[in-house]
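A short worksheet on the structure shown next.
There are 2 protein chains.
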Amino acid sequence: MTVTLVDVAARARVSPATVSRVLNGNYPVAAATRERVLRAVDELDYVLNGPASSLAAAASDLIGILVDDIADPFFGIIAGAAQTSIGDGVSGRAGGGKLAVVCNTGGSAERELTCLTLLQRQRPAAVILAGGALEDPRHIAATTAKLAKLAACGTAVVLCGRPPLPGGPAVATLTFDHRGGSRRLTEHLIALGHRRIGYVAGPPDRTTTRQRLEGHRAALAGARIGGSEGAGGVEGVGADREGLTVYCTYERGSGYEAARELLSHDPGLTAIVAADDTVALGVCAALREKGLRVPEDVSVAGFDDLPFSADAVPALTTVRLPLHEVGRRAGRLAVGAERPPPGGVETIDAVLVPRASTAPPPRVL
Amino acid sequence: MTVTLVDVAARARVSPATVSRVLNGNYPVAAATRERVLRAVDELDYVLNGPASSLAAAASDLIGILVDDIADPFFGIIAGAAQTSIGDGVSGRAGGGKLAVVCNTGGSAERELTCLTLLQRQRPAAVILAGGALEDPRHIAATTAKLAKLAACGTAVVLCGRPPLPGGPAVATLTFDHRGGSRRLTEHLIALGHRRIGYVAGPPDRTTTRQRLEGHRAALAGARIGGSEGAGGVEGVGADREGLTVYCTYERGSGYEAARELLSHDPGLTAIVAADDTVALGVCAALREKGLRVPEDVSVAGFDDLPFSADAVPALTTVRLPLHEVGRRAGRLAVGAERPPPGGVETIDAVLVPRASTAPPPRVL
DNA sequence: CTGTTAGCGCCTTCAG
DNA sequence: CTGAAGGCGCTAACAG
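Just so you know, the protein sequences line up as chains A and B, in that order. Residue numbers for the first sequence, in my numbering: 1 to 365. Residue numbers for the second sequence, in my numbering: 1001 to 1365.
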């Protein structure tokens, strides 16, 4: 029913092996023969049978990109850039052409592992894990083991936006300097004169959340402000001892709730730092609803510098992560178009972008 | 090196065929035997070889979701919902488990076809095409042919957010009532008293753009306003005769430019309807920069009701598309968890959501 | 440069 | 309910 390699070979009057060779392009074939084969391919509208090809070659042209939430621009931008950089290598014809696909884990450890297994079945050429990692030790172990297996089967593993793995089966890791960016952000607020600064952290037990919180607390400690940076590091879900830190998910509504909670704990806050820009928008909404102006009454800052942040009213002070650039590089690393950084790990700078949503507090001390 | 079905069979002291049967679950196997096999699978940490399985079964468990731009929340939401609804069916174990993956076309006809071909190689269980379609006849023909071929090989084709195809190889089509929603939106503006209404259309030659523009013009015609709705339907790129319609891409920056162009053509505009919410934000930015207030001086409306629209300042009047719901249903249709609507086509309502960004014009006539 | 020969790992009749 | 055998469509050594 469907046309196979043999059909093409027959039409081009060559052996199946020859057809395979011109399609894969990695073997010398006479120009005339190639022409004939290509013509036959076109005439028959032949499409390679991926499974058969992958079985025989013990490798597929699939590249998986794992993200927490595809509807979140943070991941959308990284994934889109990675896909584009991978797709650019397509040679148009039947040959070449890696297929970059993105899979959604929903931020669930279980689904992340499931996705990895499902991908593993396909014997993918590469896998890119985007975004922060869960810090649950069991999950880390499971993930590491899975990735090691993938790597053992020839799959290139690229980590993007998370710290390198201990046992490091990864080809390369591009990790963000969340800590530094976060620290500079809070320092900016402190320099403006703020002393009571609320913090809306991301989901607990994630590398991104922890690193950003650490940066924030380092800034406070550097200025001898606040007592919430106890020896304990990140505290459990909910609020810390002073009620100045609450946790939420990367959603606008979650930020809205979080801001209300912060305000109820300490109505005297003059600034709120949010886990990311989306959350910051929710924070702004809650503030507005309470009749508080941004930044006159309360300053608000986000993180990531997502596209809409520049257009928000007021424009959001945030920390820029070069998501597009990093996604592009992750894609190139995955296909081997770029060599891994020395040591396999590169830390990407996070730069402070001061805009209109932060200003001195109502009454500078 | 890697563990195969045969290894599992040996360990469980059964034949490979039996292992295959318990993994696929679609054949009677004694409970005790199944247990033994499952244990062996776990102990050996066996992972099915997808290519081999797909080759033998002539079908894979891959489901492809094609989107124009994964970084655009419109697609992100649909794709995410589809993936989730598909993933929910996972039976945890080695069996079951479709892998839903999303592919980016970047809105390019060529890449869309390339992606389809790459997917076609995998012999996917289903393909979901999300978002509006290009109206270029050649591309429609090519796409239709490709989808017909996919369908002929047993791939379920689901169209989501675009009109059904003429030759209809699709299992099901969920299409939006862009026209109706758009018409109601412009009627809302007219009822408010607006007469000079600028229109920032989406990319030309796309079903979505055309349908929304048609709705807009139908509203104008219904109110005997404007002469731009000539017999010609959508005009070429750029501005129409009166300069009241300009085209742009679904990006904030593009909306910004478009608004400036509209204003330069007709500074007397009292309202601007944008192709979507993202574009509307760009329009607002341009207006603000010109010293025009929204909605006091100029009303602005978007489309889609993306999450950030409710939080914009002012909150954006828009037309809500149930993206999440539609994505979920597309996923269910793809896996056969839901029966296709009668006739295979269902039109999804687009409901007007009036918010703060629209108000009567400065001077009602 | 090209043809021939074996499988890749699994599913699926067919027997038992 | 379980085992044995054949082949899915392609690639990768080998020859020539």
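Glycine residues also receive a C-beta, built at the ideal position from the N, C-alpha and C atoms. Just so you know, these numbers come straight off a predicted model, no measurement behind them.
- Among the residues of the segment 1057-1071 of chain B, those with a Cβ less than 7 Å away from any Cβ of chain A are 1060, 1069, 1070, 1071, in the order of the chain.
- Cβ contact annotation for residue 320/A (same chain, cutoff 6 Å, sequence separation greater than five): 305, 351, 353, in chain order.
- Of the other Cβ atoms in all chains shown, fewer than 16 fall within 10 Å of the Cβ of residue 362/A; this residue is therefore exposed.
- Classified as exposed, residue 2/A has fewer than 16 neighbouring CB atoms from the shown chains inside 10 Å of its CB.
- The straight-line gap separating the alpha-carbon atoms of residue 247/A and residue 195/A is approximately 20 Å.
- Going by C-alpha positions, residue 1284/B is about 9 Å away from residue 1299/B.
- Of all alpha-carbon atoms in 1325/B, 1176/B, 1187/B, 1118/B, the one lying nearest the alpha-carbon of residue 1207/B is that of 1176/B.
- Identification of residues in the segment 1018-1035 of chain B having a C-beta nearer than 8 Å to some C-beta of chain A yields an empty set.
- Look at the segment 1267-1340 of chain B and you find these whole runs of alpha helix (DSSP H), each 4 residues long or longer: 1277-1289, 1323-1335.
- Straight-line measurement puts the Cα of residue 1104/B at about 20 Å from the Cα of residue 337/A.
- Ranked by how close their Cα comes to the Cα of residue 1047/B, the residues 1020/B, 1101/B, 1032/B, 1027/B have 1020/B in first place.
- Cβ-Cβ distances below 6 Å link residue 1022/B to 1029, 1034, 1037 in the same chain, with the five nearest sequence neighbours on each side left out; the list follows chain order.
- Annotation for residue 43/A: the continuous alpha helix (DSSP H) segment containing it runs 31-44.
- Residue 1161/B has a beta carbon lying at 9 Å or more from every beta carbon in chain A.
- Partner residues in a beta bridge of residue 1140/B, as assigned by DSSP, do not exist.
- Chain-order list of chain B residues neighbouring residue 252/A: 1307, 1308, 1310, 1311, by C-beta distance under 9 Å.
- Residue 1346/B has 1174/B as its beta-bridge partners, per DSSP.
- Against chain B, the beta carbon of residue 41/A has no neighbour under 9 Å; the closest one sits roughly 12 Å away.
- With respect to the 9 Å criterion, residue 222/A and residue 360/A are not classified as neighbours on the basis of their beta carbons.
- Taken atom to atom, the span from the alpha-carbon of residue 1341/B to that of residue 1318/B is near 27 Å.
- At least 9 Å separates the CB of residue 290/A from every CB of chain B.
- Cβ contact annotation for residue 129/A (same chain, cutoff 7 Å, sequence separation greater than five): 66, 159, 160, 162, in chain order.
- Shown here, residue 63/A sits in a strand according to DSSP, grouped into three states.
- A Cβ-Cβ contact shorter than 9 Å links residue 313/A with residue 1312/B.
- Following the DSSP letters along the chain, one finds residue 245/A inside the beta strand (DSSP E) bounded by residues 245-247.
- For residue 99/A, the enclosing beta strand (DSSP E) covers residues 99-104.
- For residue 118/A, the nearest beta carbon of chain B is closer than 9 Å to its own beta carbon.
- Proximity of residue 1073/B to chain A, defined by a Cβ-Cβ separation below 9 Å, is satisfied.
- Around the beta carbon of residue 112/A, 16 or more other beta carbons sit within 10 angstroms, so the residue counts as buried.
- Shown here, residue 1048/B sits in coil according to DSSP, grouped into three states, outside any helix or strand.
- Out of 133/A, 121/A, 125/A, the CA that lies nearest to the CA of residue 106/A is found in 133/A.
- At a C-beta separation below 7 Å, residue 1285/B has these neighbours in chain A: 311.
- Checking the DSSP bridge columns, you'll see residue 1206/B partnered with 1134/B.
- By the neighbour-count criterion, in which 16 or more other beta carbons inside 10 Å mark a residue as buried, residue 1069/B falls on the buried side.
- For residue 256/A, the enclosing alpha helix (DSSP H) has its first and last residue at 252-265.
- For residue 357/A, the closest Cβ of chain B is not nearer than 9 Å.
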